Amino acid sequence: MQDFRFSSLSTALLIAAGFVLGSGALSASDRVAAPEDAKVYFIAPQDGDTLEGPVRVKMGLRGMGVAPAGVEMDNTGHHHLLVNKRLDEVDLDASLPFSDHKRHFGGGQTEGELELEPGEYTLQLLFMDYRHISFDPPVVSETITITVE
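Below, the structure written as structure tokens:
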């Protein structure tokens, strides 16, 4: 079972944001441009790490700010984590639904714990706007591979 541990406030924010934002598709022209220097990256873990669970994920961001989902402010957004999910399998024009392969940090978190069964995993960060919609072009990290023992 793969699971993040969130506080009850974070969980409530995620649920509320999901209801407010819905899951309707937008056109690519509805996506907001991110600053040219925007970059999202992993502070931890690092590519190739072998770890014991729970896996602590720390996310870095440059050129933008972090705000909770549903809070509309210029040049801000919040983190999403793709777990064993390729970016080309994600509809960047639609609100990103939560699943075992798509994790939201809609409360504005910059770190969290991930419960993963032993095995190899690919992780990629996707920074999205207040609606859970990708910026245009997407603000994504490099894909890393980790092993959980």
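Going letter by letter, the sequence shown gives residues 161 to 309 in the numbering used here. Beta carbons: idealized from backbone N, C-alpha and C, even for Gly. None of these values were measured; they are calculated from a predicted model.
Exercise. Can Y290 and A198 be called in contact, C-beta distance under 9 angstroms?
Worked result: no
Problem set entry | Alpha-carbon to alpha-carbon, Y281 and E212 | 13 angstroms
Problem set entry | Contact under 9 angstroms by Cβ, G272 with V217 | yes
Exercise. Between the stretch 201-215 and the stretch 238-255, are three or more C-beta pairs nearer than 8 angstroms?
Worked result: At 8 angstroms Cβ cutoff, the stretches do not touch.
Exercise. Rounded C-beta distance between L274 and V215? I'm assuming under 8 angstroms.
Worked result: 4 angstroms
Problem set entry | Residue nearest to G230 in terms of C-alpha spacing, selected from H292, K262 and E302 | H292
Exercise. CA-CA distance, I304 and Q284?
Worked result: 6 angstroms
Problem set entry | Where G223 falls, given that 16 or more other Cβ within 10 Å makes a residue buried | exposed
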